[in-house]
Ligand code: HEM
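Numbering (our numbering), first residue to last: 1 to 422.
This is the structure we're talking about:
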């Protein structure tokens with residue numbers, strides 16, 4: 001570590017002034033990691049647009065996520081404020097729904113709601129899904145194996161998690177594409193600079209989602225099934241611990257959190273493997289490496305790059321005081337490339353050990369779907385790598401979607417050697 005002297009402190013503050021954290025810059029979207037490295041080495045606690053603090057060191061990110069002096073950023077308040085600028089509409093329904101999402105709740109409400117749904121996401125509850133996930137993956141591969149090309153995103157990575165959430169909640173699979181489009185639209189809620197039209201659109205989507213789940217809940221009340229939605233209805237009717245409104249919000253939250261993230265895990269993972277043919281070959285010949293490969297993908301190109309918190313009191317970090325009410329942007333993607341935590345952080349190594357990345361965050365909001373998404377990605381990536389011979393990228397230049405929190409590719413066009421259906 002470089003010692004801090006007067007001269008290099010002055011040089012560093014000059015560089016710091018020139019440094020900009022701009023998640024909307026197309027160059028940043030294509031490759032955010034050089035900017036993260038510069039921020040971390042020059043100004044690891046960096047004040048950015050609208051006074052927001054950007055944290056890029058692993059230790060700071062972990063500390064803030066575990067610190068009860070920071071609460072979540074109340075997104076519903078921001079949404080309600082935007083209604084003021086609209087003439088003929090309001091965003092009340094959107095605000096009502098996200099007000100009940102775990103990611104935007106603090107204790108004690110967060111503790112109560114998380115406790116009611118977390119059992120469904122435990123390892124024991126999810127292992128029984130393995131054969132169904134395998135079947136979904138195999139069917140998707142069977143649809144393309146006779147061809148010699150595909151887009152990994154639209155032909156495989158998108159439909160897979162959507163079908164899986166549909167199975168968990170007991171939503172008819174025929175509706176998956178409608179629900180995928182709704183959740184995709186809703187994922188813009190994490191982007192602070194969306195237009196008013198986008199907010200109006202998200203409000204409309206939430207109204208459609210609500211009507212859909214109201215009618216499904218009515219059907220499941222008459223004919224209960226073995227799935228999460230029926231289990232939640234039992235909690236509502238027998239124990240009176242959940243309202244219908246909360247069930248609808250939970251369903252939307254699960255589609256919202258469970259889809260795009262897993263699409264990105266499969267997509268970013270396949271891109272890393274395709275760009276590192278030796279690692280791909282190693283995984284092919286040693287399929288048991290898949291679990292450590294998934295952890296490395298989560299670290300190397302994290303599907304969710306940022307999250308935010310708000311200080312509930314003044315907090316000192318290094319020689320900086322983060323004042324009560326100020327926002328902190330925790331750059332998970334940067335923390336996961338911190339050389340102080342991960343030796344040679346920019347190299348992609350599927351055998352990496354001690355890989356305690358922050359891709360699923362930490363603390364009380366640690367991802368509820370971590371076990372599920374690991375199972376999905378394990379099955380999905382194994383199916384692609386093992387079942388499609390001579391898989392290669394068909395073009396080098398790929399485009400990233402215009403998202404701030406999510407790191408997602410528009411498409412991954414690949415070629416492979418066609419085979420007959422098994
Ligand atoms: C690669 C896939 C995934 C990644 C990278 C991911 C990442 C995250 C992160 C970073 C958070 C914490 C956000 C914060 O603290 O502000 C989170 C929370 C959450 N995730 Fe995931 N997630 C993934 C998949 C899933 C899946 C498949 C589901 C469910 C079907 C899910 C459900 C949730 C829920 C419900 C929360 C809120 C937990 C809480 O606030 O207590 N996630 N996820």
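Where a beta carbon is used, it is the ideal one built from N, C-alpha and C, also for glycine.
For residue 307, no alpha helix (DSSP H) segment is defined; the enclosing uninterrupted segment is the beta strand (DSSP E) at 306–311. Sorting 20, 25, 264, 390 by C-alpha distance to the C-alpha of residue 42 places 20 at the top. Residue environment for residue 130: exposed (fewer than 16 other C-beta atoms within 10 angstroms of its C-beta). If you keep only unbroken alpha helix (DSSP H) runs of at least 4 residues inside the stretch 53–89, you get 58–66, 75–83. Here residue 241 carries a coil assignment [DSSP, helix/strand/coil]. Within the stretch 135–171, the complete alpha helix (DSSP H) runs of at least 4 residues fall at 159–169. A straight-line Cα-Cα distance of about 17 Å links residue 204 and residue 75. Secondary structure note for residue 357: it is in no alpha helix (DSSP H), with a DSSP letter that is neither H nor E. Annotation: the continuous alpha helix (DSSP H) that includes residue 387 extends over 370–387.
Residue pairing by DSSP places residue 414 opposite 150, 393 in a beta bridge. Counting along the chain, the unbroken alpha helix (DSSP H) around residue 98 starts and ends at 92–98. The Cβ atoms of residue 72 and residue 104 lie closer than 8 Å to each other. In this structure, residue 335 and residue 57 form a Cβ contact; the two beta carbons are roughly 7 Å apart against a cut-off of 8 Å. The ligand HEM never approaches residue 251 closely enough for any of its heavy atoms to be under 7 Å from the residue's Cβ.
DSSP places residue 101 outside both helix and strand once states are collapsed to three, so it counts as coil. Per DSSP, reduced to three states, the secondary structure at residue 331 is strand.
Of the other Cβ atoms in all chains shown, fewer than 16 fall within 10 Å of the Cβ of residue 281; this residue is therefore exposed. Look at residue 45 here: in three-state DSSP terms it is strand. Of all alpha-carbon atoms in 391, 352, 412, the one lying nearest the alpha-carbon of residue 398 is that of 412. The three-state reading of DSSP puts residue 217 in helix, counting H, G and I together. Around the beta-carbon of residue 407, 16 or more other beta-carbon atoms lie within 10 Å, marking it buried. Counting along the chain, residue 404 sits inside no beta strand (DSSP E), nor does DSSP assign it H or E at all. Contact check for residue 138 and residue 383: beta-carbon distance about 7 Å, within the 8 Å limit, so the pair qualifies.
In this structure, the C-beta of residue 368 approaches the ligand HEM to less than 7 Å from one of its heavy atoms.
In terms of side-chain proximity, the C-beta atom of residue 360 is found nearer than 7 Å to a non-hydrogen atom of the ligand HEM. A direct Cα-to-Cα measurement between residue 266 and residue 218 gives close to 35 Å.
Residue 316 has 321 as its beta-bridge partners, per DSSP.
Residue 22 and residue 222 have their C-alpha atoms some 51 Å from each other. Rounded to whole angstroms, residue 28 and residue 202 show a C-alpha spacing of 26 Å. The stretch 176–185 and the stretch 254–261 touch, with three or more beta-carbon pairs separated by less than 8 Å. In this structure, the alpha-carbon of residue 273 lies about 32 Å from that of residue 118.
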